[in-house]
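Colleague: One structure is given below, represented as structure tokens, and several questions about it will come after.
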Amino acid sequence: MKKIDKDSLLGLWLTGDLNLTDRLYTDPLPHPEETEKYQPGHDRKTAVRVTRCFQRVYTVCAALLCMVFAAVMLLTVANLPPYGADDAPTVNEVAERYVEKGTEETGAVNTVAGMILDYRAFDTLGESFVLFTAMCAVTVLMNLRGKHRRLRVETETVDYHADPIVRTMCKFVIPVILVFGIYILLNGHLSPGGGFSGGAILASAFIIFAMVWGEERASRTIRVPVIKGVTLCALGFYALSKTYSFFTGANHLHSIISPGVPGRILSAGLILPLNVAVGFVVCCTMYSFYMYFRRGEL
Numbered sequence: 236m237k238k239i240d241k242d243s244l245l246g247l248w249l250t251g252d253l254n255l256t257d258r259l260y261t262d263p264l265p266h267p268e269e270t271e272k273y274q275p276g277h278d279r280k281t282a283v284r285v286t287r288c289f290q291r292v293y294t295v296c297a298a299l300l301c302m303v304f305a306a307v308m309l310l311t312v313a314n315l316p317p318y319g320a321d322d323a324p325t326v327n328e329v330a331e332r333y334v335e336k337g338t339e340e341t342g343a344v345n346t347v348a349g350m351i352l353d354y355r356a357f358d359t360l361g362e363s364f365v366l367f368t369a370m371c372a373v374t375v376l377m378n379l380r381g382k383h384r385r386l387r388v389e390t391e392t393v394d395y396h397a398d399p400i401v402r403t404m405c406k407f408v409i410p411v412i413l414v415f416g417i418y419i420l421l422n423g424h425l426s427p428g429g430g431f432s433g434g435a436i437l438a439s440a441f442i443i444f445a446m447v448w449g450e451e452r453a454s455r456t457i458r459v460p461v462i463k464g465v466t467l468c469a470l471g472f473y474a475l476s477k478t479y480s481f482f483t484g485a486n487h488l489h490s491i492i493s494p495g496v497p498g499r500i501l502s503a504g505l506i507l508p509l510n511v512a513v514g515f516v517v518c519c520t521m522y523s524f525y526m527y528f529r530r531g532e533l
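Residue numbers (our numbering): 236 to 533.
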């Protein structure tokens with residue numbers, strides 16, 4: 236076979252005279268090791284037998300591990316104290332303290348709100364940061380830029396704005412949902428509710444607005460910098476207020492921030508603004524998730 240130097244091949248390629256079409260339909264040369272591995276002289280059945288044996292051993296080990304884990308869990312459940320037993324670990328002085336002195340120490344009529352936003356406020360801060368971290372992770376995954384990024388496929392969607400009944404009813408329903416969400420948010424220390432439920436209700440109103448009036452108008456009304464700013468300010472306020480409360484002595488700042496008169500709207504010390512902060516985080520997170528999964532970006 237005549238050997239052609241690289242300069243000649245480059246010249247042919249530049250002039251367009253080099254045709255490599257036939258190379259596309261030729262099988263690539265096998266690797267020397269692969270050729271040697273699958274030669275007729277070698278025992279190919281041995282490799283297949285080893286693979287099947289490994290699969291069987293793996294299946295048996297996985298089944299045994301699952302059975303052992305299930306047995307341990309069943310034994311753990313069997314050794315748990317009966318429901319409502321006096322010697323249960325959950326029946327201790329902590330629960331009694333929450334019930335007996337919760338309203339007096341926190342000023343919140345809702346014992347659950349006093350517990351999660353006063354006695355255990357740092358746990359609630361961790362939950363809020365979990366939502367914030369989840370939103371950041373989804374933001375990173377759905378906004379990756381690169382050559383392997385898939386193009387967005389336009390799909391048919393229902394035009395709710397074209398329906399006069401839906402459009403008209405939403406004009407009345409959305410304000411009612413917003414007012415109800417604000418009520419739940421501001422009365423979390425007085426009645427069942429609070430930041431998580433109130434934020435979810437507010438987010439549902441914004442999601443309905445985006446569904447009916449379109450994503451573009453929703454993006455102009457609720458801008459991305461506003462969502463980021465509200466989320467960061469709410470988390471920052473929560474962290475700073477509870478850190479200040481912690482370092483100035485216990486969870487209750489009776490000398491600085493009074494718990495107020497239980498039952499009034501302006502009471503419970505820091506619980507009311509903390510409820511508002513948690514509600515803003517939940518609302519922005521849920522709305523951001525909807526916009527992400529709706530069109531692939533915020």
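Where is the CB? At the ideal position from N, CA and C, for every residue including glycine. All values reported here derive from a predicted model rather than from experimental measurement.
So what's residue 486 in DSSP terms, helix, strand or just coil?
Modeller: With a pLDDT of 49 at residue 486, under the threshold of 50, the modelled position of this residue cannot be trusted, and the question is left open.
Colleague: If the criterion is Cβ atoms closer than 7 angstroms, does the pair residue 419 and residue 432 meet it?
Modeller: The answer is yes: Cβ separation under 7 angstroms.
Colleague: According to the neighbour-count rule (16 or more other Cβ atoms, all chains shown, within 10 Å of its Cβ), is residue 477 buried or exposed?
Modeller: Its Cβ being crowded by 16 or more others within 10 Å, residue 477 is buried.
Colleague: Please state whether the Cβ-Cβ distance between residue 325 and residue 337 is less than 7 angstroms.
Modeller: It is not a contact, given that the beta carbons lie outside the stated cut-off.
Colleague: Use the C-beta contact count for residue 301: other C-beta atoms within 10 angstroms, 16 or more gives buried, fewer gives exposed.
Modeller: When all chains shown are included, residue 301 counts as exposed.
Colleague: Could you check whether residue 469 and residue 534 sit closer than 7 angstroms to each other, using their CB atoms as the reference points?
Modeller: Only positions 236 to 533 of the chain appear in this structure, which leaves residue 534 out of reach.
Colleague: Between which residues of its own chain and residue 520 is the CB-CB distance below 6 angstroms, once the five residues before and five after are set aside?
Modeller: Contacts found: 366, 370.
Colleague: Buried or exposed for residue 422, please, with buried defined as at least 16 other CB atoms from any protein chain shown within 10 angstroms of its CB.
Modeller: Its Cβ being crowded by 16 or more others within 10 Å, residue 422 is buried.
Colleague: Write down the C-beta distance between residue 434 and residue 517 rounded to the nearest angstrom, noting that I regard them as a contact closer than 8 angstroms.
Modeller: That pair is a contact at about 3 angstroms.
Colleague: Identify the continuous alpha helix (DSSP H) that holds residue 311 and give its terminal residues.
Modeller: Where residue 311 is concerned, the enclosing alpha helix (DSSP H) stretches over 279-313.
Colleague: Could you check the C-alpha separation between residue 528 and residue 405 for me, to the nearest Å?
Modeller: Rounded to the nearest angstrom, the two C-alpha atoms are 22 angstroms apart.
Colleague: On a CA-only basis, which of 291, 522, 304, 296 is nearest residue 466? Give me that one, please.
Modeller: Nearest of 291, 522, 304, 296 to residue 466, Cα basis: 522.
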